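Note sheet for the following structure.
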Amino acid sequence: LPLRFDWRDKHVVTQVRNQQACGGCWAFSVVAAAESARARAGQPLEALSVQQVIDCSYDNYGCSGGSTLSALNWLSKMQVKLVSDLEYPFTAQNGLCRYFPASHSGFSIKGYSAYNFSDQEDEMAKVLLTSGPLIVIVDAVSWQDYLGGIIQHHCSSGEANHAVLVTGFDRTGSPPYWIVRNSWGSSWGVDGYAHVKMGGNICGIADSVSAVFV
Amino acid sequence: DASKYYRMNESSEILSSLLLLESLNRHRYLNSLFPRENSTAVYGINQFSYLFPEEFKAIYLRSRASRFPRYPADVQKAIPNVS
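Those sequence lines, one after another, are chains A and B. For any residue, its number in this note's numbering is found by taking its place in the first sequence, counting from 1, and adding 1378. For any residue, its number in this note's numbering is found by taking its place in the second sequence, counting from 1, and adding 50.
Right, here's the structure in full:
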């Protein structure tokens, strides 16, 4: 493993977004992973529509909550073409699903993987290197007051409630940490990101990990 | 009307003060436990300080968890005793 790695340095991670008062973190993390997968496949880095996932992913509850796994399953099984954020912009509330003709351009994923990496965070880092940014679900209750630094306490595994995207890790100092992109705007945390200690499954970061394939 | 407006403003000010007090107590607690640890996280006032933790959880923490299968990392196996 390299000492430091961040997919942002490869220019395949879009800007941090703000979910506002919409409980759609599950959609934000899945769409962010799809955006990175698309860029890694050689297409331009572009914000894709979170609102499309919020409105159309039928197994979920839009801004009232949802599951990353259900959303990935829906994207993969239905071969949904995600359109750009400009075409289907975020409104921070549930809306009627808008359909596009089959000829309309969009990005669809080929599949996804979903694993529990608890006690295997080194393996998780390897998967991050090979598969791109990872969707994870964490216990983020104490993140309400986070300003910066490395999160090492005040959260548990087995209490997952918030979906985010791991874009990299840094093992140059002590303790090593995961670089985690959130969807609460860039004024939150470290420019919209949190740093979570690697090892020890802090906040349950390794319990529910998904990667998108293209 | 003016007195009604004043009362409303006064109650929202009281609520804001209560929220701020609760936030400050929470930050003091979170920052106090491991102060000497390397690069430990810092907690303080941000855009969510005006929310009670229950409200914050109800609005922002809406991801449903599922049980994921364990990652099948390559397991090292012992070589059996052979002549």
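Yeah, the Cβ is synthetic: ideal placement off N, Cα and C, and Gly gets one too. Model, not experiment: these values are computed from the prediction.
query                                                                                                     : result
Residue span of the alpha helix (DSSP H) that contains residue 1433 (chain A), given as start and end     : 1428 to 1434
8 Å Cβ cutoff, residue 109 (chain B) in contact with chain A                                              : yes
Option in B:122, B:91, B:99 with minimal Cα separation from residue 1496 (chain A)                        : B:122
Chain B within 8 Å of residue 1554 (chain A), Cβ atoms only                                               : no
Anticipated Cβ contact below 8 Å, residue 91 (chain B) with residue 1551 (chain A), distance rounded      : About 14 Å; that fails the 8 Å criterion.
Residue 1409 (chain A) - containing beta strand (DSSP E), residue span                                    : Per DSSP, residue 1409 (chain A) belongs to no beta strand (DSSP E); it is in the alpha helix (DSSP H), 1403 to 1418.
Where the beta strand (DSSP E) through residue 1575 (chain A) begins and ends                             : 1571 to 1575
Whole-Å CB distance - residue 1606 (chain A) paired with residue 1560 (chain A), under 8 Å assumed        : With chain A covering 1379 to 1592 only, the question about residue 1606 (chain A) has no answer from this structure.
Span of the alpha helix (DSSP H) around residue 1588 (chain A)                                            : Premise fails: residue 1588 (chain A) lies in the beta strand (DSSP E), 1587 to 1591, not in any alpha helix (DSSP H).
Chain B residues whose Cβ lies nearer than 7 Å to that of residue 1495 (chain A)                          : 121
Continuous beta strand (DSSP E) stretch holding residue 1580 (chain A): start and end                     : Counting along the chain, residue 1580 (chain A) falls outside any beta strand (DSSP E), and DSSP gives it neither H nor E.
Beta-carbon proximity of residue 1396 (chain A) to residue 1562 (chain A), cut-off 8 Å                    : yes
For residue 106 (chain B), the three-state DSSP class (helix, strand or coil)                             : helix
Chain-ordered chain B contacts of residue 1501 (chain A) [CB-CB under 8 Å]                                : 121, 123
Same chain, Cβ closer than 7 Å to residue 1472 (chain A), neighbours up to 5 away in sequence not counted : 1432, 1433, 1440, 1441
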